[in-house]
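> In short: position in the sequence shown from 1, add 166, done, that's the numbering used here.
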Amino acid sequence: MRLFVALDTDDSIRARITRFLDGVRGFAPDARWVRPESLHVTLKFMGEQSEDKLEKIRQALESIVANKIEMNIRGYGFFPGPGRPRLLWIGIESGAELASLATTIDENLAELAIPKEEHIFSPHLTLARGAGNSGSPRKQKGDTRRSFQHLQETLAALPKPEFGTMSAHEFFLYQSQLSPDGSQYRKLAAFALR
Numbered sequence: 167m168r169l170f171v172a173l174d175t176d177d178s179i180r181a182r183i184t185r186f187l188d189g190v191r192g193f194a195p196d197a198r199w200v201r202p203e204s205l206h207v208t209l210k211f212m213g214e215q216s217e218d219k220l221e222k223i224r225q226a227l228e229s230i231v232a233n234k235i236e237m238n239i240r241g242y243g244f245f246p247g248p249g250r251p252r253l254l255w256i257g258i259e260s261g262a263e264l265a266s267l268a269t270t271i272d273e274n275l276a277e278l279a280i281p282k283e284e285h286i287f288s289p290h291l292t293l294a295r296g297a298g299n300s301g302s303p304r305k306q307k308g309d310t311r312r313s314f315q316h317l318q319e320t321l322a323a324l325p326k327p328e329f330g331t332m333s334a335h336e337f338f339l340y341q342s343q344l345s346p347d348g349s350q351y352r353k354l355a356a357f358a359l360r
């Protein structure tokens, strides 16, 4: 099972992002765009895990005590940077609680022999990946700059988008199933935040 832990996005935020996507998608027609219903803030990607480990993962996540998280969703950027764009993202501004939750999840799951994150936590919502690219620096295929060049020029001429604020009151364990139409996500468990 391909698993990850994430925060969901409010319907009002999702609606604003959908309108933004409808307005900019045509400027990067070769990019692989995320479906709005799939938008989430990844806290920990675990990759393939055996089904017999699922209950231990659920228990490790259930033991976490953390406060609700306030987030301001705004702006955009490109990973790894504007000069070599492979992935378009929306920014998330939040207090220390969000990074703390991601760190706690990472540490709890490390006790189950799930490797710790190699990179510093950078909260974002992925909107699009360059054509033929997974978004991972290790899985780079071809030159994705062309996928985003016209989009970058268009966005540079516009004010930074504001999508609103939200409070996350729970986080989720998801299963990701790969398909020709993109990944399908299924919530396996929910965990409350205080």
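Quick reminder that beta carbons are idealized off the backbone N, C-alpha and C, glycines included.
Have a look at arginine 252 and phenylalanine 244 and give me their C-alpha separation to the nearest angstrom.
Locating residue 252 in the sequence shown gives position 86, where the first residue counts as 1. Locating residue 244 in the sequence shown gives position 78, where the first residue counts as 1. Rounded to the nearest angstrom, the two C-alpha atoms are 7 Å apart.
> Pop quiz: isoleucine 239 and isoleucine 223 are said to be a contact at Cβ under 8 Å. What is the actual Cβ separation, rounded to whole angstroms?
Here residue 239 refers to the residue found at position 73 when the sequence shown is read from its first residue. Here residue 223 refers to the residue found at position 57 when the sequence shown is read from its first residue. Wrong, their Cβ atoms sit about 28 Å apart, outside the cutoff.
> If I follow the unbroken beta strand (DSSP E) through proline 189, where does it start and stop?
Taking the first residue of the sequence shown as 1, we reach residue 189 at position 23. It is worth fixing the name first, because residue 189 is glycine in this sequence and not proline. Where glycine 189 is concerned, there is no enclosing beta strand (DSSP E), although the alpha helix (DSSP H) it sits in stretches over 177–190.
> Give the secondary structure of leucine 293 by DSSP, where H, G and I count as helix, E and B as strand, and everything else as coil.
For the purposes of this step, residue 293 is taken as residue 127 along the sequence shown, with counting starting at 1. Reduced to three states, the DSSP call for leucine 293 is strand.
> Could you please give the first and the last residue of the uninterrupted alpha helix (DSSP H) stretch that includes asparagine 274?
Within the sequence shown, residue 274 is the residue found at index 108, counting from 1. Where asparagine 274 is concerned, the enclosing alpha helix (DSSP H) stretches over 262–276.
> Can we say the segment 344–355 touches the segment 277–293, given the rule of at least three CB pairs closer than 8 Å?
No, the segment 344–355 does not touch the segment 277–293.
> On the DSSP letters alone, give me the boundaries of the alpha helix (DSSP H) that glutamate 168 sits inside.
The sequence position of residue 168 within the sequence shown is 2, counting from 1. For clarity, residue 168 is arginine in the given sequence; the question names glutamate instead. No alpha helix (DSSP H) contains arginine 168, which is instead part of the beta strand (DSSP E) from 168–174.
> Considering only the beta carbon of each residue, do leucine 359 and glutamate 328 sit closer than 8 Å?
As a working mapping, residue 359 is identified with position 193 in the sequence shown. As a working mapping, residue 328 is identified with position 162 in the sequence shown. It is not a contact, given that the beta carbons lie outside the stated cut-off.
> For threonine 320 versus methionine 237, is the C-beta spacing smaller than 8 Å?
By 1-based counting over the sequence shown, the position of residue 320 is 154. By 1-based counting over the sequence shown, the position of residue 237 is 71. Not closer than 8 Å, so no.
> Closest to leucine 344 by CA distance: which of Gly213, Ala276, Leu220 and Glu273 is it?
By 1-based counting over the sequence shown, the position of residue 344 is 178. Taking only the C-alpha atoms, the option nearest leucine 344 is Gly213.
> Measure the Cβ-Cβ separation of leucine 254 and leucine 293 and say whether it is below 8 Å.
Translated into the one-based positions of the sequence shown, residue 254 becomes position 88. Translated into the one-based positions of the sequence shown, residue 293 becomes position 127. Yes.
> Determine the contact status of alanine 297 and arginine 198, defining contact as a CB-CB distance below 8 Å.
Here residue 297 is taken as the residue at index 131 of the sequence shown, counted from 1. Here residue 198 is taken as the residue at index 32 of the sequence shown, counted from 1. A contact, by the Cβ cut-off of 8 Å.
> Using alpha carbons as the reference points, say which of Ser204, Gln341 and Ile256 lies closest to aspartate 177.
Residue 177 sits at position 11 when you count from the first residue of the sequence shown. When only C-alpha atoms are compared, the closest one is Ser204.
> Measuring straight from C-alpha to C-alpha, what distance separates alanine 276 and glutamate 228?
The residue you call residue 276 lines up with position 110 of the sequence shown. The residue you call residue 228 lines up with position 62 of the sequence shown. Looking at the two C-alpha atoms, the distance is approximately 15 Å.
> Could you pull the DSSP bridge partners for lysine 210 from this structure?
In the sequence shown, counting from the first residue as 1, residue 210 sits at position 44. Note: lysine 210 sits in a beta bridge opposite Val171.
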